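*Asks:*
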Amino acid sequence: VVITVMGGAWIIGHRIWNVLLAWRLAAAGVMVVAVDYRNYPMVTMPEMLDDLDLALAWIKDNLASYGATLDDSPVALVGQSAGAQLAATLLLRQCQREALDLEGALPWSPSMFKVFMGVSGVYDLPMEA
Numbered sequence: 002v003v004i005t006v007m008g009g010a011w012i013i014g015h016r017i018w019n020v021l022l023a024w025r026l027a028a029a030g031v032m033v034v035a036v037d038y039r040n041y042p043m044v045t046m047p048e049m050l051d052d053l054d055l056a057l058a059w060i061k062d063n064l065a066s067y068g069a070t071l072d073d074s075p076v077a078l079v080g081q082s083a084g085a086q087l088a089a090t091l092l093l094r095q096c097q098r099e100a101l102d103l104e105g106a107l108p109w110s111p112s113m114f115k116v117f118m119g120v121s122g123v124y125d126l127p128m129e130a
């Protein structure tokens with residue numbers, strides 16, 4: 002199972018951009034789940050992360066109805082460009098929530114992924130003042 006988060010500079014991305022990758026992976030017998038998030042200026046980064054949080058929780062709860070389970074299937078999270086940055090940030094945020102037992106952690110865990118692959122992501126963003 003590969004969960005994909007496409008990029009688009011946080012302003013123009015859409016899950017339909019996953020189609021070419023999904024076709025290639027599906028031809029190799031891989032299930033692909035393409036997730037989406039709202040773009041700027043409709044929302045800011047925290048809301049983009051919340052959208053992805055909800056998507057991963059939905060996948061965890063519904064994957065079995067599509068013929069795969071987290072127990073039996075290796076799951077990879079793949080992000081491209083802005084999607085890579087958001088996915089990496091989401092993983093770190095969820096790790097922090099779990100480690101500190103913080104409120105707001107959704108019922109998915111970074112441990113459900115065997116692989117994270119960030120392709121051409123931006124990881125060194127300046128802190129807001």
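Our numbering puts the first residue of the sequence shown at 2, with every later residue one more than the last.
All C-beta atoms, glycine included, are put in the ideal place defined by N, C-alpha and C.
Quick caveat: nothing in here was measured; it's all calculated off a predicted structure.
(1) Give the secondary structure of M46 by DSSP, where H, G and I count as helix, E and B as strand, and everything else as coil.
(2) Indicate the three-state DSSP secondary structure (helix, strand or coil) for S7 in the structure shown.
(3) Should R25 be labelled buried (16 or more other beta-carbon atoms within 10 Å of its own) or exposed?
(4) Can the beta-carbon of A88 be found less than 9 Å from the beta-carbon of L53?
(5) Taking Cβ positions only, does G14 come closer than 9 Å to chain D?
(6) Where do the ends of the beta strand (DSSP E) carrying G84 lie?
(7) Report buried or exposed for V2, applying the criterion of at least 16 other Cβ atoms within 10 angstroms of its Cβ.
(8) Using the Cβ count rule (16 or more neighbours within 10 Å means buried), how would you classify A27?
*Replies:* Taking the structure as given:
(1) Taking the sequence shown and counting its residues from 1, one reaches residue 46 at position 45. In this structure, M46 counts as helix in the three-state DSSP scheme.
(2) Your numbering for residue 7 matches position 6 in the sequence shown. The sequence as given places Met at residue 7; Ser does not occur at that position. Three-state result, M7: coil.
(3) Mapped onto the sequence shown, residue 25 falls at position 24. Looking at its Cβ environment, which holds fewer than 16 other Cβ atoms inside 10 Å, R25 is exposed.
(4) Here residue 88 refers to the residue found at position 87 of the sequence shown. Here residue 53 refers to the residue found at position 52 of the sequence shown. Taking 9 Å as the Cβ cut-off, A88 and L53 qualify as a contacting pair.
(5) In the structure shown, chain D does not exist; there is a single protein chain.
(6) Here residue 84 refers to the residue found at position 83 of the sequence shown. Unbroken run through G84 is the alpha helix (DSSP H), A83 to L101; no beta strand (DSSP E).
(7) Mapped onto the sequence shown, residue 2 falls at position 1. So V2 counts as buried.
(8) Here residue 27 refers to the residue found at position 26 when the sequence shown is read from its first residue. Classification for A27: exposed.
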